[in-house]
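**Q** Okay, here's the structure, questions in a sec.
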Amino acid sequence: MNAKVTIEIVVGILIMSGTVMSLLSSLGIIRLPDVYNRAHASTKSATLGILCILLGAFLYFFYTHGVSSIRLLLGIVFVFLTAPVAGHLIIRSAHRSKVALADISVQDDLQDYLDSEKDVESSSTTS
Amino acid sequence: MKFTDVYLQTATKILVFIIMTFSIYILFAGHHNPGGGFIGGLITASALVLLYIAFDLQSVRDIIPVDFKQLAAAGVIVAVLTGTASFIFDVPFLTQTFTYVELPILGKTELATAVIFDLGVYMTVVGTTMTIITSISEDEK
Numbered sequence: 020m021n022a023k024v025t026i027e028i029v030v031g032i033l034i035m036s037g038t039v040m041s042l043l044s045s046l047g048i049i050r051l052p053d054v055y056n057r058a059h060a061s062t063k064s065a066t067l068g069i070l071c072i073l074l075g076a077f078l079y080f081f082y083t084h085g086v087s088s089i090r091l092l093l094g095i096v097f098v099f100l101t102a103p104v105a106g107h108l109i110i111r112s113a114h115r116s117k118v119a120l121a122d123i124s125v126q127d128d129l130q131d132y133l134d135s136e137k138d139v140e141s142s143s144t145t146s
Numbered sequence: 130m131k132f133t134d135v136y137l138q139t140a141t142k143i144l145v146f147i148i149m150t151f152s153i154y155i156l157f158a159g160h161h162n163p164g165g166g167f168i169g170g171l172i173t174a175s176a177l178v179l180l181y182i183a184f185d186l187q188s189v190r191d192i193i194p195v196d197f198k199q200l201a202a203a204g205v206i207v208a209v210l211t212g213t214a215s216f217i218f219d220v221p222f223l224t225q226t227f228t229y230v231e232l233p234i235l236g237k238t239e240l241a242t243a244v245i246f247d248l249g250v251y252m253t254v255v256g257t258t259m260t261i262i263t264s265i266s267e268d269e270k
């Protein structure tokens with residue numbers, strides 16, 4: 020088994036696992052009960068799936084064509100930085116517009132924190 | 130409730146450098162690869178819009194004190210001047226040429242007059258896009 024076949028197997032495994040992870044994340048978006056759980060499924064596994072696919076493409080072009088595409092590496096860094104921040108912002112705005120949690124949830128620490136801040140504000144203004 | 134998002138602001142501080150670098154790369158790659166002045170200008174404008182989203186309008190104006198209307202006008206002037214400069218060499222309007230130059234760090238580099246025209250397009254696109262977006266975003270007065 021020469022080096023080229025090994026590289027092709029590694030690239031195939033990377034791209035297939037990336038595709039499967041993206042599929043799992045889309046299944047999670049359909050199956051999970053509320054927006055917070057769906058964001059958990061979509062941001063994490065879709066990000067990792069895209070990273071695997073981009074890394075596979077980078078390795079393929081690096082070993083078979085001899086091209087080291089800086090754009091793909093930059094894309095990996097960029098997706099890795101932006102996707103969690105985007106998920107955070109969507110969930111933060113959902114919580115601020117008072118989207119209800121699923122019925123099975125037991126704890127909402129952020130709401131408790133916001134309520135305690137509101138209590139402090141109202142007591143300081145009245146006294 | 131005051132809007133301060135540390136995650137967004139910290140991520141923006143890093144991402145703006147990546148986006149700006151990529152837009153400059155796209156601007157200069159346009160001669161032989163996909164890219165050019167138009168898409169480079171749009172990417173730079175998107176980096177500036179990200180800054181405007183993460184921080185407020187006034188503090189970004191303090192960081193980047195550029196009047197975008199003047200930038201758009203300067204871009205059009207640059208593009209027209211590259212066209213009229215061809216009259217000096219007694220060739221038709223907007224004729225372009227290129228040459229190979231040995232630069233100290235970059236080595237053998239192709240310098241084309243079309244890049245200066247692309248720079249004019251780039252400045253016009255950045256100026257126009259940012260003028261549209263900033264004038265829409267501050268109409269509460």
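Protein chains in written order, with our numbering: chain L, 20 to 146; chain E, 130 to 270.
Built from N, CA and C at the ideal position, the CB exists for glycine as well.
Since we're looking at a predicted model, the values are computed, not measured.
For E/A271, tell me which candidate among E/I234, E/T258, E/T211, E/V230 has the shortest Cα-Cα distance.
**A** In the structure displayed, chain E extends from 130 to 270; residue 271 of chain E sits before or after that span and is not available.
**Q** Using 10 angstroms around the beta-carbon of L/S64, count the other beta-carbons present and answer buried if the total reaches 16, otherwise exposed.
**A** Taking the first sequence and counting its residues from 1, the one referred to as residue 64 of chain L is at position 45. L/S64 is buried by the Cβ-count criterion.
**Q** Could you give the distance in angstroms between the alpha-carbon of E/F222 and the alpha-carbon of E/L200?
**A** Walking along the second sequence from the start, residue 222 of chain E turns up at place 93. Walking along the second sequence from the start, residue 200 of chain E turns up at place 71. Rounded to whole angstroms, E/F222 to E/L200 spans 24 Å at the Cα level.
**Q** Output, in chain order, the set of chain E residues within a Cβ distance shorter than 9 Å of L/L100.
**A** Residue 100 of chain L sits at position 81 when you count from the first residue of the first sequence. Those are A140, I143, L144, I147, listed as they occur along chain E.
**Q** Between the Cα of E/V205 and the Cα atoms of E/F227, E/I172, E/T238, E/G256, which residue gives the shortest distance?
**A** Here residue 205 of chain E refers to the residue found at position 76 when the second sequence is read from its first residue. With distances taken between Cα atoms, E/V205 lies closest to E/G256.
**Q** Taking the continuous alpha helix (DSSP H) assigned at L/A119, which residues delimit it?
**A** For this step, residue 119 of chain L is matched to residue 100 along the first sequence. Note, L/A119: premise wrong, no alpha helix (DSSP H); not H, not E.
**Q** Once the 5 residues before and after L/L129 are set aside, which same chain residues still bring their CB inside 8 Å of it?
**A** For the purposes of this step, residue 129 of chain L is identified with residue 110 of the first sequence, where counting begins at 1. The residues are H114.
**Q** CB L/G75 to CB L/I34, shorter than 8 Å?
**A** Translated into positions along the first sequence, residue 75 of chain L becomes position 56. Translated into positions along the first sequence, residue 34 of chain L becomes position 15. Cβ atoms of L/G75 and L/I34: closer than 8 Å.
**Q** Expressed to the nearest angstrom, what Euclidean distance is found between the alpha-carbon atoms of E/M130 and E/V254?
**A** If you number the second sequence from 1, residue 130 of chain E lands on position 1. If you number the second sequence from 1, residue 254 of chain E lands on position 125. With a pLDDT of 42 at E/M130, under the threshold of 50, the modelled position of that residue is not reliable, and no figure is offered here.
**Q** At a cut of 8 Å, does the stretch 146–154 of chain E reach the stretch 171–180 of chain E through at least three beta carbon pairs?
**A** The stretch 146–154 of chain E is in contact with the stretch 171–180 of chain E.
**Q** Run through DSSP, which three-state label would L/T25 get?
**A** To locate residue 25 of chain L, count along the first sequence from 1; it is residue 6. L/T25 falls in the helix class under three-state DSSP.
**Q** DSSP three-state call for E/A231: helix, strand or coil?
**A** The sequence position of residue 231 of chain E within the second sequence is 102, counting from 1. The sequence given here places Glu at residue 231 of chain E; Ala does not occur at that position. In this structure, E/E231 counts as strand in the three-state DSSP scheme.
**Q** For the putative contact between E/L156 and E/Y229, defined by C-beta atoms under 8 Å, what is the C-beta separation to the nearest angstrom?
**A** Sequence index remark: in the second sequence, residue 156 of chain E carries index 27 (1-based). Sequence index remark: in the second sequence, residue 229 of chain E carries index 100 (1-based). Their Cβ separation, rounded to whole angstroms, is 20 Å, which puts E/L156 and E/Y229 out of contact at 8 Å.
**Q** Look at the alpha carbon of E/V195 and the alpha carbon of L/S41, and state the distance between them as a whole number of angstroms.
**A** Looking up residue 195 of chain E in the second sequence gives position 66. Looking up residue 41 of chain L in the first sequence gives position 22. C-alpha separation (whole angstroms): 42 Å.
**Q** Applying the 10 Å Cβ sphere with the 16-neighbour rule, what's the burial state of L/V30?
**A** In the first sequence, residue 30 of chain L corresponds to position 11, counting from 1. Flag for L/V30 reads buried.
**Q** Can you tell which of L/K137, L/I28, L/C71 has its C-alpha closest to the C-alpha of L/Y82?
**A** The count along the first sequence starts at 1 and reaches residue 82 of chain L at position 63. Cα-wise, what sits closest to L/Y82 is L/I28.
**Q** Counting only C-beta atoms, is L/V104 closer than 8 Å to chain E at any point?
**A** On the first sequence, position 85 is the one that residue 104 of chain L refers to. Chain E, which has a Cβ nearer than 8 Å to the Cβ of L/V104, makes this yes.
**Q** For E/D247, does the count of other Cβ atoms within 10 angstroms reach 16, so buried, or fall short, so exposed?
**A** Stepping through the second sequence from its first residue, residue 247 of chain E is reached at position 118. By the neighbour-count rule (16 or more Cβ atoms within 10 Å), E/D247 is buried.
**Q** Counting only Cβ pairs nearer than 7 Å, list the residues of chain L close to E/L137.
**A** Within the second sequence, the letter at position 8 stands for residue 137 of chain E. Simply V104, L108.
**Q** If you run the structure through DSSP and keep just helix, strand and coil, what is E/L240?
**A** The residue given as residue 240 of chain E occupies position 111 in the second sequence. Three-state DSSP puts E/L240 in a strand.
**Q** Quick one: is E/F151 near chain L, going by C-beta distance under 8 Å?
**A** For the purposes of this step, residue 151 of chain E is identified with residue 22 of the second sequence, where counting begins at 1. Closer than 8 Å: yes.
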